[in-house]
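What follows is one structure encoded as structure tokens, with my remarks underneath.
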Amino acid sequence: MTTPIGAVPSSSITAARAWILAHLQAVLTPDPASPSSELLVCDGGPGTYQPDDIVAVGEVHQTYAPESGVGSGGAGWLREEYQLHITVDVYRGGDTPAATFARARALADLVVAVVRSDPSLGGAVDRARPASAAHSSGWDEEHRGRHVEIDLTVDCLKTI
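The end of the sequence shown is residue 160 by the UniProt record's numbering, with every number in the run present.
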């Protein structure tokens with residue numbers, strides 16, 4: 001038995017990304033310790049507006065696996081797994097590595113809290129969980145301040 005193309009369930013990636021973006025935009029706020037700083041929460045990388053604090057919902061790395069040995073291609077037949085990358089990027093002028101890292105880590109912790117608050121991402125997936133974080137820090141390219149970037153990975157699973 002075959003399943004018509006329009007009846008095959010679609011990927012959950014678009015809904016999962018939209019849910020995370022909306023919740024990050026609702027939860028994240030500018031740094032109270034740095035009154036002049038601004039925060040941008042964006043879909044993909046930032047454009048020309050690049051404030052000191054940026055959180056970007058970005059790349060997705062996806063794999064598929066058959067969930068069922070029955071060849072119908074219908075609902076529940078395919079398992080999609082993907083890693084959603086969220087980048088936290090913080091810059092502070094001057095030589096304040098500890099404060100810059102602390103702000104980046106505080107934003108990363110809030111990203112993790114958003115995912116943990118609803119592991120179904122509003123019903124978009126069967127399960128989502130924070131999976132990893134890669135930290136990098138140092139001077140910015142012009143040596144005018146400190147820069148910290150954290151690449152967070154959220155593992156997502158959905159049977160479609």
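Even for Gly, the Cβ is constructed at its ideal location relative to N, Cα and C.
Cα-Cα separation, residue i to residue j
i: ARG92; j: SER11; result: 39 Å
i: ALA98; j: LEU152; result: 20 Å
i: SER120; j: GLN83; result: 14 Å
i: ALA106; j: THR87; result: 13 Å
i: GLY125; j: ALA131; result: Checking the sequence, you will find Val at residue 125 rather than Gly. Going from the Cα of VAL125 to the Cα of ALA131 covers about 15 Å.
i: GLY123; j: ILE13; result: 12 Å
i: ALA22; j: VAL114; result: 10 Å
Boundaries of the alpha helix (DSSP H) in which residue i is found, first to last residue
i: ARG129; result: Here ARG129 belongs to no alpha helix (DSSP H); instead the beta strand (DSSP E) covers 127 to 139.
i: LEU110; result: 97 to 117
Buried versus exposed call for residue i [16 or more other C-beta atoms within 10 Å across all chains shown]
i: THR100; result: buried
i: ASP31; result: buried
i: ASP52; result: buried
i: TRP139; result: exposed
i: ASP89; result: buried
i: ARG103; result: buried
i: VAL27; result: exposed
Where the beta strand (DSSP E) through residue i begins and ends
i: LEU152; result: 145 to 159
i: LEU84; result: 78 to 93
Coarse secondary structure for residue i, derived from DSSP in three states
i: ALA18; result: helix
Going residue by residue through the region 22 to 74, where are the continuous beta strand (DSSP E) segments of at least 3 residues, counting only ones entirely within it?
39 to 43 and 53 to 66
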